[in-house]
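Quick notes on the structure that follows.
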Amino acid sequence: MEASELRRKLASLLVVRGSGHARDHQRRYPRWELSNADLRELLDEGVGGVILLGGSAEELRLRCDQLQRWAGQPLLLCADVEEGVGQRFEGASWLAPPLALGALHQSDPEQAEALAERYGRCTGRQARLLGLNWVLGPVCDVNNNPANPVINVRAWGETPATAGALAAAFVRGCQGEGVLACAKHFPGHGDTSCDSHLELPELPHDLGRLGAIELPPFQQAIAAGVTSVMTAHLRLPALDPKQPATLSGAVLTQLLRQELQFCGLVVTDALVMEAISQHHGSAEAAVLAFEAGADLILMPADAREALDGLVEAVQSGRISEQRLDASLERRRSALAQCAESRETALDELVTPSERQLSGELLTLSLVLHGGQGLPPGPGLNLIRLDNQLNAPQLPLVAPALLRPSALGYEARLIDARSPSPWGQDPKAPLALDRLPDGPVLLQLLVRGNPFRGSAGGDEPWPQVVRQLLASQRLAGLAVYGSPYLWQALQPLLPPELPAAYSPAQMPQAQALVLQALGLPEAALEGGFTD
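Quick note on my numbering: the sequence shown kicks off at 6 and runs consecutively.
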C-alpha cells in the first residue's frame with residue numbers, strides 16, 4: 006500500500022475536537038478545540054470524525070455542513086448529548102438527566118422504558134436534523150457508588166437491571182432515527198471514586214463481579230443493536246495488571262469482542278484525558294489503543310503525532326493491514342446505517358411531543374417535602390453551583406435567581422472562586438456573620454461532572470442544614486442534581502419545611518421546584534436587557 010493511501014485510511018479513524026461555533030475566537034475550550042485552519046487541514050488529510058461542542062442549534066447545523074464540505078467524504082459527526090441535544094446546543098431539547106428515569110424504573114418499569122425510548126428518539130431526531138450522525142450515549146455505567154464524582158446522574162440506573170433496560174431502550178429510540186448510538190464507558194465506570202479526566206481510577210473486581218454488575222448493561226445495549234462502544238480509562242488488575250481498559254487487549258479484544266461478541270465500532274474515550282496522557286504520548290497511546298482492539302481514536306492530544314505513530318506501526322508490521330481493514334470496514338458499515346437525508350427547515354426542531362417529554366421527565370422525577378410558602382424578605386437566597394462563570398443552568402433570568410428576589414431574598418452565589426463561606430466551627434461551618442440577615446432559602450446545584458473531582462459529597466451541607474435549623478433561619482431547601490445529597494439532607498428537615506428535589510438543573514427544572522415551594526413566576530423571567 007502506498008504511503009499516502011495508508012495515511013488517508015488511518016486518518017479516517019481519527020476523531021478530533023472542534024467547536025460548534027464558526028469562528029476561532031468563539032471557541033470555549035481552545036486547548037482542545039482545533040482552529041479552523043488546523044481542522045480544515047486535517048480533514049483534507051482524511052481525518053474521518055469530529056466531536057463538537059458549543060453554539061446554538063442553528064450554528065451546529067451550519068457547522069456540520071461546513072465540515073462535510075471541507076472533508077469531501079462522509080464524516081462521523083458526534084457530540085456528548087447524553088441529556089438531549091439542548092444540553093450542548095442551545096435551542097434543542099435539554100432533558101432531565103438519565104438517572105431521573107432510573108428512579109421511576111423501580112416503581113413503573115414499563116413507563117420508564119417507554120420514556121427512555123422517547124428520550125433516545127428525541128435525541129436522535131434532533132441530532133440528525135442538525136447534522137450529527139453519532140450520539141455519544143447512552144452511559145451504560147451502573148452508578149452503584151454514590152461517591153462517584155463523574156458518572157452520578159449521567160447513569161440510567163444504580164442497578165444492572167435498571168441501567169441495562171433503560172440504556173437499551175435509549176439505543177432503540179436513537180438508532181430508530183438513523184443516528185448511531187454509543188454505549189459507554191466499557192467495561193463500567195460506575196463503581197469508581199475518582200475522575201479519569203484527572204487521574205487513572207482502578208476497579209478492583211474480578212470477572213465474576215464484572216459479569217454480575219458492570220457488564221449486563223453493555224450486554225443489553227449490544228443485544229439492542231448498539232453500533233458503537235466507548236472504552237473506559239480505568240485499570241482492572243484482575244484482567245490486565247499493566248494497561249487501562251482503553252489500551253488493553255484483554256478488555257477490548259478478549260472480553261468485548263470475543264466473549265461479548267460485539268462486532269461494531271469500538272471508540273476510545275478521549276485520549277487527551279489525564280488518565281492516559283499523563284502516561285503516554287499521543288503516538289504511543291493511539292497505537293496501544295488500536296493494538297488493543299479500538300477502531301476509532303478519539304481526541305488524541307496531538308492528532309498529527311497520533312497519525313504518524315499509527316502509520317509507522319503499520320509500516321513496521323506492528324499493526325497488520327488486515328487489522329486496519331477490519332476497522333475501516335466497521336466504520337463503513339456504521340456510516341451506511343446513518344440516515345442520509347434530513348429536512349431542510351428547522352421550523353419545528355422541537356416538536357410538541359418532545360416539549361411534552363421534557364415536562365413529563367421533570368414532573369415525574371420531582372420529589373416534594375413539607376409545605377409551601379417562604380416568609381417574606383428581606384432574606385438570603387444562598388445558591389451553591391460549580392462555576393458561576395460557566396453555568397448555562399443559571400443565566401441572568403434563571404428562576405433560581407429571580408423568584409426569590411421578587412420575595413425580597415438577596416442572592417449570594419457560592420462556587421470555587423467566590424469568597425469562602427466557611428468558618429472554623431465544623432458543627433456550624435457556614436460563616437453567617439459574612440452573610441445578610443433574615444430567613445435563608447438554600448439552593449444547591451450539585452452533581453457529578455467531568456473535571457470537577459467531586460459530586461459535592463465533600464462539602465458540609467448536612468452540618469449547614471442543622472446549623473440553619475438551630476438558628477431558626479432555614480426557610481426552604483431546593484436540591485438540583487445529585488440524589489445522594491438530597492437523601493442525606495431530607496431526613497434532617499422538619500415535616501413542615503418547604504423543600505424539593507429535582508435531578509435536573511436547567512431553568513425549567515428550577516421553575517417547577519420553586520413553584521412547588523410556593524414561589525410564583527417573577528415578572529422578569531421573560532427577559533430583560535442587561
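Beta carbons are placed, not taken as given, at the ideal position from N, Cα and C, and that holds for glycine.
Since this is a predicted model, take the numbers as computed values, not measurements.
Opening and closing residue of the alpha helix (DSSP H) in which residue i lies
i      : result
LEU412 : Here LEU412 belongs to no alpha helix (DSSP H), and DSSP marks it neither H nor E.
ASN41  : 41-49
GLN448 : Per DSSP, GLN448 belongs to no alpha helix (DSSP H); it is in the beta strand (DSSP E), 445-451.
GLY142 : Unbroken run through GLY142: none, as it is neither H nor E.
CYS83  : Careful: CYS83 lies outside any alpha helix (DSSP H), inside the beta strand (DSSP E) at 81-84.
GLY125 : 114-135
ILE227 : 221-228
GLU282 : Position check: residue 282 holds Ser in this sequence, whereas Glu was assumed. Segment 279-282, the alpha helix (DSSP H) holding SER282.
SER338 : 326-341
VAL469 : 466-475
LEU270 : Run containing LEU270: none in the alpha helix (DSSP H); it sits in the beta strand (DSSP E), 270-272.
SER423 : Unbroken run through SER423: none, as it is neither H nor E.
PHE295 : 287-297
VAL231 : Here VAL231 belongs to no alpha helix (DSSP H), and DSSP marks it neither H nor E.
ALA514 : 512-521
8 Å Cβ shell around residue i - same chain, five flanking residues per side excluded
i      : result
TRP491 : VAL372, VAL484, TYR506
ASP113 : none
TRP75  : LEU44, ARG45, LEU48, ASP49
LEU362 : SER98, LEU100, LEU120, ARG123, TYR124, CYS127
Nonlocal neighbours in the same chain, by C-beta distance under 6 Å from residue i, ignoring five residues either side
i      : result
ILE281 : HIS238, ALA290
ALA188 : CYS145, PHE223, ALA226, VAL231, VAL234
ILE419 : ARG389, PRO426
LEU482 : LEU447, ALA504
GLU359 : SER98, CYS127
ASN41  : ASP29
Neighbourhood of residue i by C-beta, 7 Å cutoff - its chain only, sequence neighbours within 5 removed
i      : result
ARG478 : PRO444, VAL445
ARG32  : SER24, HIS26, GLU38
ARG262 : GLY298
PHE267 : ILE227, VAL234, LEU261
GLY91  : ALA97, SER98, TRP99
ASP70  : GLY136
Nearest residue (CA-CA) to residue i, options the options
i      : options                        : result
SER332 : THR258, CYS343, THR356         : THR258
PRO380 : TYR414, ALA84, LEU362, LEU58   : TYR414
VAL272 : ALA243, ALA308, SER233, THR356 : SER233
ASN148 : LEU137, ALA170, GLY107, GLU279 : GLY107
GLY216 : ALA101, MET235, PRO165         : PRO165
GLU207 : GLN116, GLN248, ASP307         : GLN248
SER198 : ALA172, ARG240, ALA170         : ARG240
ASN395 : ALA42, ALA170, ARG422, PRO192  : ARG422
MET6   : LEU340, GLN327, GLU365, ALA344 : GLN327
ILE620 : LEU120, LEU502, GLY193, ALA403 : A query on residue 620 cannot be resolved here, the shown segment of the chain reaching from 6 to 535 and no further.
VAL256 : GLY298, CYS268, ARG439, LEU44  : GLY298
PRO431 : GLN393, GLN472, VAL355         : GLN472
TYR489 : MET511, GLU501, LEU450, ALA514 : LEU450
PRO151 : PRO500, GLY486, MET511         : GLY486
ARG68  : LEU44, GLU50, GLY91            : LEU44
VAL52  : GLN78, LEU367, HIS374          : GLN78
ASP274 : HIS190, HIS210, ALA243         : HIS190
GLN342 : ALA186, GLN73, ALA416          : ALA186
LEU494 : GLN510, ALA514, ALA516, VAL470 : VAL470
GLN377 : LEU171, LEU80, LEU220, GLY523  : GLY523
THR368 : ARG22, ASP196, LEU517          : LEU517
PRO143 : LEU109, GLN111, HIS110, GLY178 : GLY178
GLY195 : GLY183, GLU182, GLY181, GLY169 : GLY169
ALA509 : GLU264, GLY213, LEU399, GLN180 : LEU399
Identity of the residues DSSP links to residue i by a beta bridge
i      : result
ARG417 : LEU387
PHE191 : THR236
LEU303 : VAL20
VAL55  : VAL21, LEU82
GLY162 : VAL147
SER358 : Bridge partners of SER358: none, in fact.
GLU207 : ARG240
GLU310 : Partner(s): none; GLU310 has no beta bridge.
SER61  : GLU95
LEU538 : For the chain, the structure presents residues 6 to 535; residue 538 sits outside this window and is missing.
GLU87  : GLY89
LEU212 : DSSP lists no partner for LEU212.
Limits of the unbroken beta strand (DSSP E) element including residue i
i      : result
GLY481 : 479-486
LEU372 : One point to set straight first is that residue 372 is Val, not Leu, in the sequence displayed. Where VAL372 is concerned, the enclosing beta strand (DSSP E) stretches over 372-374.
SER507 : 504-507
Quiz item: Between the stretch 297-316 and the stretch 7-19, are three or more C-beta pairs nearer than 8 Å?
Solution: Yes: the two stretches touch, three or more of their Cβ pairs being nearer than 8 Å.
Quiz item: Pairing CB atoms from the stretch 152-169 with CB atoms from the stretch 130-137, are three or more of them under 8 Å?
Solution: The stretch 152-169 and the stretch 130-137 do not touch, with fewer than 3 CB-CB distances between them shorter than 8 Å.
Self-check item: Three-pair Cβ contact test at 8 Å for the stretch 405-414 versus the stretch 520-528
Solution: Short answer: they touch.
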